[in-house]
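> In numbering that gives the first Met the number 0, the protein residues as written are 0 to 88.
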Amino acid sequence: MNQGWTERQRPVRLERRLEFADYEATRDFLDRAASLSERVGIYPDMSFGRTYVNITLHAEDDATALGEPLRHFAREIDALLATEKTLDE
């Protein structure tokens with residue numbers, strides 16, 4: 000898994016916090032993440048403020064490990080960030 004993601008076990012999930020320079024950058028990222036979610040059918044838990052976004056990808060109910068679709072989605076989020084300027088990089 001790419002740097003920046005934390006894998007947790009109880010419950011099984013991936014988490015990442017992103018920090019942005021301003022609200023405009025945060026909003027742009029959220030719009031592009033929404034488009035990605037609609038395209039692949041994965042809808043993570045996201046919370047955000049003016050300059051940050053917290054993302055949590057939960058494993059399927061009763062799963063003991065994260066599946067490849069969630070790991071792939073995390074890589075797709077990372078690809079979105081490649082064109083964003085975040086403060087955590």
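Beta carbons are placed, not taken as given, at the ideal position from N, Cα and C, and that holds for glycine. Just so you know, these numbers come straight off a predicted model, no measurement behind them.
If Leu-79 sits next to Ala-32, beta carbons under 8 Å apart, how far is it from one beta carbon to the other, in whole angstroms?
Here residue 79 refers to the residue found at position 80 of the sequence shown. Here residue 32 refers to the residue found at position 33 of the sequence shown. Between Ala-32 and Leu-79 the Cβ distance is about 6 Å, and since that is below 8 Å, they are a contact.
> In the DSSP assignment, find the alpha helix (DSSP H) that holds Arg-38 and state where it starts and stops.
Against the sequence shown, residue 38 aligns to sequence position 39. Counting along the chain, the alpha helix (DSSP H) containing Arg-38 begins and ends at 22-39.
> Assuming contact is defined by CB atoms lying nearer than 8 Å, are Val-11 and Ala-58 in contact in what I supplied?
Locating residue 11 in the sequence shown gives position 12, where the first residue counts as 1. Locating residue 58 in the sequence shown gives position 59, where the first residue counts as 1. Contact: yes.
> State the Cα-Cα distance for the pair Gln-2 and Asp-30, rounded to the nearest angstrom.
Within the sequence shown, the letter at position 3 stands for residue 2. Within the sequence shown, the letter at position 31 stands for residue 30. For Gln-2 and Asp-30, the distance between alpha carbons rounds to 23 Å.
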